[in-house]
Amino acid sequence: MGKSVERQVVLPWQQVVRISFNSIRSRFFRSLITTLTLTLAVAFVAFTWSSYEILDSVWPHASSSLQESIISSGYELTDEGFGGSPKDIWLAILSLLVCVVGIINAQLMAVTERFREIGTIKCLGALNSFVVRIFLLEAVYQGLIGGISGSLLGILVATVSLIVKFGLTIVWSWPFLGMLFTMAWASGLAVLLSLIGVTYPALVAARMQPAVALRAEE
Amino acid sequence: MYQEAHNVVRLSEVTKTFRMGNNIVEALKGVDLTVKTGEYLSIMGPSGSGKSTLFNMIGALDKPSSGRVFIDEVDVAQLDAYELAWLRCRKIGYIFQTFNLIQVMTAMENVTLPMVFAGMTRDEYTEKGMELLRLVGLAERYQHKPSELSGGQQQRVAIARSLANDPAIVLADEPTGNLDLATGEEIIYLLKQLSSERGVTIISATHDIKMLNVSDRVIWIRDGRIDRIEDRDKLKISVGEVA
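For the protein sequence lines, the chains are A and B, in the order given.
Counting in my numbering, the first sequence runs without a single skipped number right up to 336 at its last residue.
Counting in my numbering, the second sequence runs without a single skipped number right up to 894 at its last residue.
Below, the structure written as structure tokens:
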């Protein structure tokens with residue numbers, strides 16, 4: 119059997135975008151759980167990072183009494199500014215690990231719930247790669263939503279708590295560019311975690327024989 | 652329109668065994684079958700007779716343990732993933748007992764999904780989708796999701812979907828299984844109408860007696876083997892003693 123143009127099955131990216139977007143929109147509350155995992159983990163990371171950013175930008179202009187109170191609150195100042203100590207780095211890594219495990223679990227459950235749907239799509243002529251593509255794009259959407267909401271939340275909480283602890287001098291030196299950077303980083307991280315979490319379940323689902331997938335309970 | 656009848660589906664000594672833990676279940680014990688183009692064929696048998704397994708073999712949804720399945724004289728086992736996908740997209744349409752519509756998509760999106768895979772443009776598939784929905788009498792419901800449709804309506808959408816790419820074969824696995832008597836009759840009548848108007852071969856696995864009236868041939872399957880094959884004329888006589 120040759121592979122002439124007629125004999126191809128295709129799924130253009132425009133369609134992948136449309137299908138996965140509708141999928142998320144219709145399953146909004148169901149996918150909220152996965153997204154919430156991301157939001158909270160990213161919020162924590164963004165909270166710690168932005169706290170360090172703010173302190174780094176406040177420190178040079180701070181009065182000595184302010185500097186004293188910052189140090190006595192438990193923030194460690196290392197050569198690279200705040201947030202460089204092993205303890206801080208460990209905390210960040212741990213929170214990310216917990217996040218990844220949570221996402222993998224949530225995505226595994228979400229994909230299992232859709233085995234029937236996947237079997238059906240394959241009966242209509244979808245290749246394995248179509249199924250994987252749709253799930254990957256859904257994971258990207260969830261990553262973006264979780265990442266942006268999480269970093270906004272984290273930055274907000276960090277700013278407010280520092281203001282409460284050290285007063286309004288924080289506001290004058292608030293590093294706008296630094297915050298934007300943090301948000302971009304955190305969102306990118308969320309998308310990456312989301313993709314890591316969905317890859318294995320999506321591959322498993324895509325490779326099932328349609329007859330087996332259709333037997334799954336819904 | 653007289654078409655030279657050829658074998659659109661052919662099974663040759665097909666067996667299928669399942670391993671459930673330590674038990675071996677022989678769902679099919681050697682089935683030979685030929686189906687001619689344009690036929691309306693029913694596979695009938697009690698639960699556990701191997702009906703659904705046979706259905707899966709014919710529809711290339713599962714592989715036989717031994718024996719060969721030919722669709723249009725092409726051995727299905729020799730096909731790679733791309734060719735199988737092409738087969739399911741263009742040559743075969745599927746209808747299931749549980750409808751199996753995508754819950755998050757509207758009726759129109761469900762019907763046109765196979766057309767998307769076949770590479771049709773948005774204008775093309777929108778037009779064809781509406782035409783198919785009109786054919787099954789659901790043109791006004793094209794924006795509705797499956798949850799907003801009754802069982803009969805969902806099955807109609809499934810039928811429209813199965814015709815999306817003008818397949819040669821439509822496979823129906825217990826199409827009336829989840830429907831009440833009246834709706835079931837409507838669906839059977841619709842399938843027969845489509846079969847005669849479009850010349851598409853319909854193979855349905857069922858234990859619904861109402862299907863007997865519309866079938867050209869009936870294959871009775873029992874215990875993984877074909878019990879007997881009956882033509883329509885013979886059926887009328889023996890319907891009183893349905894096994």
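All C-beta atoms in this analysis are idealised placements derived from N, C-alpha and C, irrespective of residue type, glycine included.
Per DSSP, reduced to three states, the secondary structure at B:Asn829 is coil, with no helix or strand assignment.
With respect to chain B, the C-beta atom of A:Ala323 has no partner C-beta closer than 9 Å.
Contact residues of the stretch 763–779 of chain B toward chain A are Leu764, Pro765, Val767, Phe768, Ala769 and Gly770 (C-beta to C-beta distance below 8 Å).
For a cut-off of 8 Å, the C-beta gap from A:Ala159 to A:Leu254 is around 20 Å, too long to register as a contact. Taking a Cβ-Cβ cut-off of 7 Å, B:Ala678 has no neighbours in chain A, whose nearest Cβ is about 11 Å from it. Taking the C-beta atoms as reference points, A:Ser168 is found no nearer than 9 Å to A:Ser291. Taken atom to atom, the span from the alpha-carbon of A:Leu286 to that of A:Ala180 is near 12 Å.
Contact annotation: the stretch 822–831 of chain B touches the stretch 748–761 of chain B, with at least three C-beta pairs closer than 8 Å. B:Thr688 carries a coil assignment under DSSP once its states are collapsed to helix, strand and coil. When DSSP states are grouped into helix, strand and coil, B:Ile880 belongs to the strand group.
Taking one beta carbon from each stretch, the stretch 661–674 of chain B and the stretch 326–333 of chain A have fewer than 3 pairs nearer than 8 Å; the two do not touch. The beta carbon of A:Val316 does not come within 9 Å of any beta carbon belonging to chain B, so the residue lies off that interface. Three or more beta-carbon pairs drawn from the stretch 242–254 of chain A and the stretch 124–133 of chain A are found closer than 8 Å, and the two stretches are therefore classed as touching. Under the three-state reduction of DSSP, B:Asp726 is assigned to strand. Non-local C-beta neighbours of A:Val135 in its own chain, meaning closer than 7 Å and more than five positions away in sequence, comprise Leu255, ordered along the chain.
A:Asn246 has no beta-bridge partner at all, per DSSP.
Comparing alpha-carbon positions, the option among B:Val808, B:Arg773, B:Val767 and B:Glu734 lying closest to B:Leu786 turns out to be B:Val808. Membership of A:Asp206 in the alpha helix (DSSP H) is indicated by the continuous run Pro204 to Glu231. Between A:Thr157 and A:Gly264, the gap from beta carbon to beta carbon is short of 9 Å. B:Asn707 carries a helical assignment under DSSP once its states are collapsed to helix, strand and coil. Between the alpha carbons of B:Ala732 and B:Gln844 lies a gap of roughly 33 Å.
In this structure B:Glu837 touches B:Gly803 by the C-beta definition: roughly 6 Å separates them, less than 8 Å.
Rounded to whole angstroms, the gap between the alpha carbons of B:Arg773 and B:Met756 is 16 Å. At a Cβ-Cβ threshold of 9 Å, B:Val659 and B:Thr688 count as neighbours. With a threshold of 9 Å between beta carbons, B:Ile753 makes contact with chain A. Pairing A:Ile236 with B:Ala736, the inter-Cα distance amounts to about 13 Å. When only Cα atoms are considered, B:Asp882 and B:Ser693 end up about 11 Å apart. With respect to B:Gly718, B:Val676 sits apart: the two C-beta atoms are not nearer than 9 Å.
The three-state secondary structure of B:Asp824, taken from DSSP, is strand. Residue-level contact by beta carbon holds for B:Asn816 and chain A, with a gap shorter than 9 Å. Comparing C-alpha distances from A:Arg143 to each of A:Ala304, A:Leu311 and A:Ala257 shows the shortest one belongs to A:Ala257.
At a beta-carbon threshold of 8 Å, the residues of chain A lying near B:Ala732 are Leu245 and Asn246, ordered along the chain.
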